[in-house]
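Asker:
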Amino acid sequence: RATFGTTPEEAETTRLLAFNQGFYNLFLAIVSAIGIAEIGTGRTAVGAALVFAGVGSMATAAVVLLLSAPDKARAAITQGTFPLIAVVLLILGLVS
627 RATFGTTPEE AETTRLLAFN QGFYNLFLAI VSAIGIAEIG TGRTAVGAAL VFAGVGSMAT
687 AAVVLLLSAP DKARAAITQG TFPLIAVVLL ILGLVS
């Protein structure tokens with residue numbers, strides 16, 4: 627609630643939405659983890675596609691938050707830093 631500056635009433639109203647969003651994020655993390663495992667077993671193309679899908683979605687969501695609510699820049703940066711690092715490192719790993 628504090629991260630997004632909502633009131634207790636707003637938090638209650640959006641509770642189900644937040645619950646659903648939590649699972650959405652969990653599934654993106656699972657896709658990313660499976661991608662990492664695939665890369666580890668030598669299936670680089672499949673793994674990279676899964677990692678890009680997972681962390682790319684996370685990074686893009688952070689950009690959407692930043693553009694739609696500039697006052698939430700800190701939350702957007704927190705949300706997007708790790709996925710952006712993952713995308714950059716994966717690209718570097720694929721081109722080297």
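Quick note: the sequence shown uses the working numbering, first residue 627, plus one each step. Backbone N, C-alpha and C define an ideal beta-carbon position, used for all residues, glycine too. Bear in mind the structure is a predicted one, so any value in this text is a computation, not a measurement.
1. State the DSSP-derived secondary structure class of T707, mapped to helix, strand or coil.
2. Output the distance between the C-alpha atoms of I717 and E636, rounded to the nearest integer angstrom.
3. At which residues does the alpha helix (DSSP H) containing F645 begin and terminate?
4. Which two residues bound the contiguous alpha helix (DSSP H) that contains T670?
5. Quick one, are the C-beta atoms of A679 and V657 less than 7 Å apart?
Answerer: Taking the coordinates as given:
1. T707: helix per DSSP, three-state reduction.
2. 40 Å
3. 641-666
4. 670-694
5. yes
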